[in-house]
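The structure under discussion appears below in the form of structure tokens.
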Amino acid sequence: MGCMPEVYNSHTKPKKSIIKEQKVREKRLDAILSDKSLEFKKKSKNPLTAFGYFPRKADFETKDKEEHVILLLRKHPITNARWIIASLILIMLPTVILFLPTINAIPERFMVVGILGWYMFILAYIIENFLSWFFNVNIITDERIVDIDFHNLVYKEISDAKLDRIQDVTLQMGGAIRLFFNFGDVIVQTAAETPNIDFHAIPNPDKVVKILQDLLLEEEQEKLDGRVR
Amino acid sequence: MNMDVISQEILWTALKWGMTLALLLYIGFALVVLRQVTMMTDTLDVGFEKPVRFLAYVHLLFAIITFLSAFLLL
Chain Z
51 MGCMPEVYNS HTKPKKSIIK EQKVREKRLD AILSDKSLEF KKKSKNPLTA
101 FGYFPRKADF ETKDKEEHVI LLLRKHPITN ARWIIASLIL IMLPTVILFL
151 PTINAIPERF MVVGILGWYM FILAYIIENF LSWFFNVNII TDERIVDIDF
201 HNLVYKEISD AKLDRIQDVT LQMGGAIRLF FNFGDVIVQT AAETPNIDFH
251 AIPNPDKVVK ILQDLLLEEE QEKLDGRVR
Chain A
954 MNMDVISQEI LWTALKWGMT LALLLYIGFA LVVLRQVTMM TDTLDVGFEK
1004 PVRFLAYVHL LFAIITFLSA FLLL
């Protein structure tokens, strides 16, 4: 009887110690990213953010239990402006059409169904664009970088590269809108199976590069210290 | 004159069944969207899954209502 709790303890870690362990690791990672100019050092709580620094909740399909998400990146919100404006115009279009004189030739019942169908189409358009923005993310963890892409309704692609496989990081930023809103592309060349992992139109690309550089240095240090997982 | 009325009637009937069929097919598309959302939320979990799923269900409900209204009104 006395052995039972011991056997139980050897397989399940107490929850408190796991949380403590995670906090210690998070603090260590936070210390690595030591640039005092990083104004975003506040932990991100907003699930809709395009720049999630240590997001409160971020799990993905291939994540290891011990892996920590440092950055969760989406395209800058301003990249959604085009479809939002298009949606607003499409929403208002039936009210304009109703004033056309030729509209009287259409029976009323067809008009009702037509308008319902029209708004359903707009809803689908909005949902598709939102889902595309929300779920196409780039993730930087303390172990690797991950690119999750959903290309259409049923096709998804998850590519990743371990930090120690990163060879080169390029920042691309150009154009008035990108400069004004401070977003751009970060292209990561790797020695992994996927040669390039591209972070498209992400906010604060310079800070992302800085974080990547810090993590690469830490990875090298881990190798030297023999702390590699 | 009579021919015009008949051809108009044929046009509206064809339009009615065309619209009804298109809306029926659209319900299939709404189901695919729902499946897609489930796949996406399984892949990435950031704590905003319920509103996204709710949106997909609203879309499916909208598609069913539009189909039924086409079937009953036209």
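Taken in order, these protein sequences are the chains called Z and A.
If you use my numbering, the first sequence corresponds to residues 51 to 279, in order.
If you use my numbering, the second sequence corresponds to residues 954 to 1027, in order.
Every residue, glycine too, gets a C-beta built ideally from N, C-alpha and C.
Below 8 Å, enough C-beta pairs join the stretch 235-245 of chain Z and the stretch 207-224 of chain Z to call them touching: three or more. Taking CB atoms only, Thr991(A) has no neighbour in chain Z less than 8 Å away. The residue among Leu1025(A), Glu1002(A), Val990(A), Tyr979(A) with its C-alpha nearest the C-alpha of Glu178(Z) is Val990(A). Under the criterion of beta carbons closer than 8 Å, Val163(Z) and Met993(A) do not qualify as touching, at roughly 31 Å. Taking the Cα of Asn188(Z) as reference, the smallest distance to any Cα among Phe231(Z), Glu207(Z), Phe230(Z) is reached at Glu207(Z). From the beta-carbon of Ile172(Z), no residue of chain A is found nearer than 9 Å; the closest lies around 10 Å away. Taking a Cβ-Cβ threshold of 8 Å, the residues of chain Z close to Trp965(A) are Pro157, Phe160, in chain order. Interface flag for Phe1015(A) against chain Z is set, since a Cβ pair is found closer than 8 Å.
Put simply, the CB of Asp998(A) is near chain Z, with a gap under 8 Å to one of its CB atoms. The beta-carbon separation of Phe200(Z) and Asn186(Z), rounded to 6 Å, stays under the 8 Å limit for a contact. Asp109(Z) reaches chain A at Asp998, counting residues in chain order whose Cβ is nearer than 7 Å.
When C-beta distances to chain Z are compared with 8 Å, the residues of the stretch 1001-1025 of chain A below that value are Phe1001, Val1005, Leu1008, Ala1009, Val1011, His1012, Phe1015, Ala1016, Ile1018, Thr1019, Ser1022, Ala1023, in chain order.
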